[in-house]
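Asker: One structure, as structure tokens, below. Some questions next.
Number of protein chains: 2
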Amino acid sequence: MDLDARTMLADSGLRITAPRVAVIDALVEMPHAAADAIFAKVSETLPRTSLQAVYNVLGDLATHGLARRIEPAGSPALYELRVGDNHHHVVCTHCGKVADVDCSVGHAPCLTPSETHGFAIAEAEVTYWGVCTECREASVATVH
Amino acid sequence: MDLDARTMLADSGLRITAPRVAVIDALVEMPHAAADAIFAKVSETLPRTSLQAVYNVLGDLATHGLARRIEPAGSPALYELRVGDNHHHVVCTHCGKVADVDCSVGHAPCLTPSETHGFAIAEAEVTYWGVCTECREASVATVH
DNA sequence: CGGTCTCTTTTGAATTGATCAAATCAAATG
DNA sequence: CATTTGATTTGATCAATTCAAAAGAGACCG
Ligand SMILES: [Mn+2]
Ligand SMILES: [Mn+2]
Ligand SMILES: [Zn+2]
Ligand SMILES: [Zn+2]
Chain X
17 MDLDARTMLA
27 DSGLRITAPR
37 VAVIDALVEM
47 PHAAADAIFA
57 KVSETLPRTS
67 LQAVYNVLGD
77 LATHGLARRI
87 EPAGSPALYE
97 LRVGDNHHHV
107 VCTHCGKVAD
117 VDCSVGHAPC
127 LTPSETHGFA
137 IAEAEVTYWG
147 VCTECREASV
157 ATVH
Chain W
17 MDLDARTMLA
27 DSGLRITAPR
37 VAVIDALVEM
47 PHAAADAIFA
57 KVSETLPRTS
67 LQAVYNVLGD
77 LATHGLARRI
87 EPAGSPALYE
97 LRVGDNHHHV
107 VCTHCGKVAD
117 VDCSVGHAPC
127 LTPSETHGFA
137 IAEAEVTYWG
147 VCTECREASV
157 ATVH
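Protein chains in written order, with this note's numbering: chain X, 17 to 160; chain W, 17 to 160.
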């Protein structure tokens, strides 16, 4: 669970390059970020990095298990460094904010449906949709 | 739960047009279909219908609660006529086939997470990922 | 340290899925 | 049947992502 970029890359046999380190560092600061947001963050310190490089790095990180890609409906793909624990997400329907939701291990009846239509199920992905605190307060302020 | 296209449209105050009837009929035959598949099906009987019309119709159906739009990761948007019961889906990671999974009402602990980060949760969406029977048998046949 | 190999990044184009907008067309209403 | 209002066509545009070739730079070896 080391979040040091160079260590992560080395442990995975990936070359340590400035764009890769910068993308990982961006993901540490922005735990559920889209490619364009990561590109913007990376550009602050490495202005010569291309958007394509960010896509390449994110793809490599995901392929090597260093990052996880999620695709909430209506959102571009988001990436995160928290991998391997199959946790879930709650997404704000107003602003798109994403937060982690731990998988409730021990009572997972929803994750083993009765009727599976013959599918061999490997994983259950849960997305909670709701309104975050900020958006709720903002809308209350507007109404009153 | 009437799946007669004209009745559905009339009950929703939507005009009854040939493309709308054809899209609904296509969805009856293909219960989880993407716009291009619906377009292909509709084109068989209404070859002058445009893809844009299909998008328009699907959008209208979804807006008026006659259809539901789902967006599994890695897939274009899919539409279905089964609405209002918040059921879930199992998706084949090999061929993309989608099947319905009833929501296990009564024991929904996964759908009310303990830590919600202040979000007011309105809905829980579950996607099961696995391999369908056909793809499983095909891969077994290949290996042996 | 310098050369070589391989992997990475850049550059520029292409693709997919979807949306926007104006002009044309057609269903509903009386 | 005429009018109104909403739907469809046409053509452009967009966002997110991927493809591919050329150039660049880590890694490793001698
Ligand atoms: Mn997460
Ligand atoms: Mn369904
Ligand atoms: Zn919000
Ligand atoms: Zn399959």
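We put the CB at the ideal spot given by N, CA and C, even for glycine.
Are the beta-carbon atoms belonging to Glu87/W and Gly100/X less than 8 Å from one another?
Answerer: Along the second sequence, one-based indexing puts residue 87/W at 71. Along the first sequence, one-based indexing puts residue 100/X at 84. No.
Asker: Any residue with its C-beta under 5 Å from a non-hydrogen atom of ligand 4 counts. Can you list them all in chain order?
Answerer: Cys108/W, His110/W, Cys111/W, Lys113/W, Cys148/W and Cys151/W
Asker: Could you say if the region 47 to 65 of chain W and the region 21 to 29 of chain W meet the contact criterion of at least three C-beta pairs nearer than 8 Å?
Answerer: no
Asker: Can you check DSSP and say which residues form a bridge with His90/W?
Answerer: Counting from one through the second sequence, the residue named residue 90/W turns up at place 74. Per the sequence presented here, residue 90/W reads as Gly, with His not at that position. Under DSSP, Gly90/W forms no beta bridge with any residue.
Asker: Do the region 138 to 153 of chain W and the region 137 to 147 of chain X touch if we need at least three Cβ pairs shorter than 8 Å?
Answerer: yes
Asker: When you compare the CB of Val117/X with every CB in chain W, is at least one pair closer than 8 Å?
Answerer: By one-based count along the first sequence, residue 117/X stands at place 101. Judged by the 8 Å Cβ criterion, Val117/X is in contact with chain W.
Asker: Let me know if Ile54/W comes out buried or exposed under the rule of 16 or more other beta-carbons within 10 Å of its beta-carbon.
Answerer: Here residue 54/W corresponds to residue number 38 of the second sequence, with the count starting at 1. By the neighbour-count rule (16 or more Cβ atoms within 10 Å), Ile54/W is buried.
Asker: Shorter than 8 Å from the beta carbon of Glu139/W to some beta carbon of chain X?
Answerer: Position 123 of the second sequence, counted from the first residue, corresponds to residue 139/W. Judged by the 8 Å Cβ criterion, Glu139/W is in contact with chain X.
Asker: Could you tell me which residues DSSP puts in a beta bridge with Arg22/X?
Answerer: Translated into positions along the first sequence, residue 22/X becomes position 6. None, per the DSSP bridge assignment.
Asker: What number of angstroms, rounded off, separates the C-alpha of Ser155/X from the C-alpha of Pro92/X?
Answerer: Position 139 of the first sequence holds residue 155/X. Position 76 of the first sequence holds residue 92/X. Their backbone Cα atoms lie some 25 Å apart in a straight line.
Asker: Kindly identify the DSSP beta-bridge partner or partners of Cys108/X.
Answerer: To locate residue 108/X, count along the first sequence from 1; it is residue 92. The bridge partners DSSP lists for Cys108/X are Gly146/X.
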